[in-house]
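Chains as they are written, first to last, in my numbering: chain A, 1 to 343; chain B, 344 to 423.
Put into structure tokens, the structure is as follows:
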């Protein structure tokens, strides 16, 4: 704790003490804003490159400076200077405010995600529930934005987003319940610490599959990108966004992609654990980027599901598998098979 | 309206839309609450006696019957 300055001479040491304190560094630099911004820029570049390789697109393969690094910056500059078009009779405060709320909601859960043993902003005891609470606000925000933009296709996309939430959310929670049973805690740091000897993907493989599919549905990635189905709904719920509004929404979507891949890393892939020759945060980011790659690849490969099929898959397959995995976990824990790994 | 090729859009955008998949929405309202309360059991699994956990598992098991019925009704297209 730093005491407040009482004389003018103490102001500069006070500022230095604040800036070099661990809390400040975690908020601003490493798991905080600068790291997030850099990773989001990297992910836009990365996704473009992967899709260019899959679909043999000449443009993204060769355009934009060394390796195409300049392309995200050019995109950013272009979008900032574009005119923000607000549709006729649109709800202006909501139309401009909801994208900012989306970025806020996308960045907020990173406060509780542990990137290393000491690299966490807020070591919250209900971290997992906090993340679920924040991410489940997204579809409602999307529907409000779609309603505010006063256009037919965005509205249909927003409604589809709600239906999608009905399909994926409960399987996701129930599959995370097996992890909570295994770790005995909702604190994400303790969940990672419990995986020191064995990653939870091994005892809870079924729930890993369910969680992965559900998080792809949450991220609106193919094959579940119903809310932004391009051939049907132009661009889905953000059809009417342009310029800076579109850029902000884009930022929020990529933050969410990174968020879900780091959550999968925390819950199933052992978080920061790895051989000691690399520091803990590096392992964490590597694992999260690998998960993000697997989430991105189907976008170049798969077709899209229908809404009713998605809901049917969610309730008749994913939920049943997730509940079955809860029973399996209880059996594993009560018979003591996992006691060799300290569970 | 960039996507309508310059044509003037017709009618109101904020129309009434039929909320489809009503059985699924009902199931969601029920299971959302159940799912959240199960987390309370999840963290206290090690500290409560086995009989308590058995009760929760029995509850989950018994939930299967209404879930099956609801799924059966929800899969009928005329109930959407």
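Where is the CB? At the ideal position from N, CA and C, for every residue including glycine.
Here's the rule: buried if 16 or more other CB atoms are within 10 angstroms of the residue's CB, otherwise exposed. What is residue i?
i: residue 280 of chain A; result: buried
i: residue 415 of chain B; result: exposed
i: residue 248 of chain A; result: buried
i: residue 186 of chain A; result: buried
i: residue 89 of chain A; result: exposed
i: residue 422 of chain B; result: exposed
i: residue 208 of chain A; result: buried
i: residue 161 of chain A; result: buried
i: residue 77 of chain A; result: exposed
i: residue 370 of chain B; result: buried
i: residue 176 of chain A; result: buried
i: residue 367 of chain B; result: buried
i: residue 65 of chain A; result: exposed
i: residue 411 of chain B; result: exposed
i: residue 390 of chain B; result: exposed
i: residue 127 of chain A; result: buried
i: residue 221 of chain A; result: buried
i: residue 241 of chain A; result: buried
i: residue 157 of chain A; result: buried
i: residue 302 of chain A; result: exposed
i: residue 357 of chain B; result: exposed
i: residue 231 of chain A; result: exposed
i: residue 404 of chain B; result: exposed
i: residue 255 of chain A; result: buried
i: residue 258 of chain A; result: buried
i: residue 141 of chain A; result: buried
List the residues of chain B whose Cβ lies closer than 8 Å to the Cβ of residue i, in chain order.
i: residue 174 of chain A; result: 378 and 381
i: residue 251 of chain A; result: Per Cβ cutoff of 8 Å: no residues; residue 251 of chain A is ~21 Å from chain B at best.
i: residue 123 of chain A; result: The premise fails here: residue 123 of chain A is roughly 16 Å from chain B at the closest Cβ pair, so nothing lies under 8 Å.
i: residue 147 of chain A; result: 357
i: residue 357 of chain A; result: This structure leaves residue 357 of chain A out entirely; chain A is present only between 1 and 343.
i: residue 245 of chain A; result: Near residue 245 of chain A there are no residues of chain B at all, since even the closest Cβ is about 14 Å away, more than 8 Å.
i: residue 170 of chain A; result: 371, 374, 375 and 378
Could you spell out where the alpha helix (DSSP H) holding residue i opens and where it closes?
i: residue 148 of chain A; result: 138-148
i: residue 125 of chain A; result: Here residue 125 of chain A belongs to no alpha helix (DSSP H), and DSSP marks it neither H nor E.
i: residue 22 of chain A; result: 22-28
i: residue 325 of chain A; result: 319-335
i: residue 3 of chain A; result: Taken as a continuous stretch (DSSP letters only), residue 3 of chain A belongs to no alpha helix (DSSP H), as it is neither H nor E.
i: residue 59 of chain A; result: 58-62
i: residue 167 of chain A; result: 152-183
i: residue 305 of chain A; result: Segment: none, residue 305 of chain A is in no alpha helix (DSSP H) and carries neither H nor E.
i: residue 289 of chain A; result: 280-296
i: residue 37 of chain A; result: 33-55
i: residue 73 of chain A; result: 70-81
i: residue 97 of chain A; result: 92-107
i: residue 188 of chain A; result: 188-193
i: residue 14 of chain A; result: 11-19
Can you name the residues of chain A whose CB is closer than 9 Å to the CB of residue i?
i: residue 412 of chain B; result: Correct list: empty, because the minimum Cβ distance to chain A is about 13 Å.
i: residue 361 of chain B; result: Simply none; closest approach about 10 Å.
What residues of chain B sit near residue i, judged by a beta carbon separation below 9 Å?
i: residue 344 of chain A; result: The displayed coordinates of chain A run from 1 to 343. Any statement about residue 344 of chain A would go beyond what the structure contains.
i: residue 186 of chain A; result: 382, 385 and 386
i: residue 155 of chain A; result: 356, 357, 358 and 360
i: residue 241 of chain A; result: Simply none; closest approach about 11 Å.
Using only the heavy atoms of the ligand GTP, determine whether one of them is closer than 7 Å to the beta carbon of residue i.
i: residue 153 of chain A; result: Of ligands this structure carries none, so the ligand GTP is not represented either.
For a contact meaning CB atoms closer than 7 Å, what does residue i contact in chain B?
i: residue 311 of chain A; result: 364 and 367
i: residue 316 of chain A; result: 414
i: residue 341 of chain A; result: Per Cβ cutoff of 7 Å: no residues; residue 341 of chain A is ~15 Å from chain B at best.
i: residue 103 of chain A; result: Ordered by position in chain B, no residue passes the 7 Å Cβ test against residue 103 of chain A, which lies about 24 Å from the chain.
i: residue 323 of chain A; result: 403
i: residue 163 of chain A; result: 364
i: residue 159 of chain A; result: 360
i: residue 181 of chain A; result: 385 and 388
i: residue 210 of chain A; result: Correct list: empty, because the minimum Cβ distance to chain B is about 13 Å.
Counting only beta-carbon separations shorter than 8 Å, does residue i have a partner in chain D?
i: residue 192 of chain A; result: The structure shown contains no chain D; its protein chains are A and B.
Contained beta strand (DSSP E) runs [length at least 3] in the stretch 206-244 of chain A, N- to C-terminal order
none
Residue ranges of each beta strand (DSSP E) run of no fewer than 3 residues wholly in the stretch 348-422 of chain B, ordered along the chain?
none
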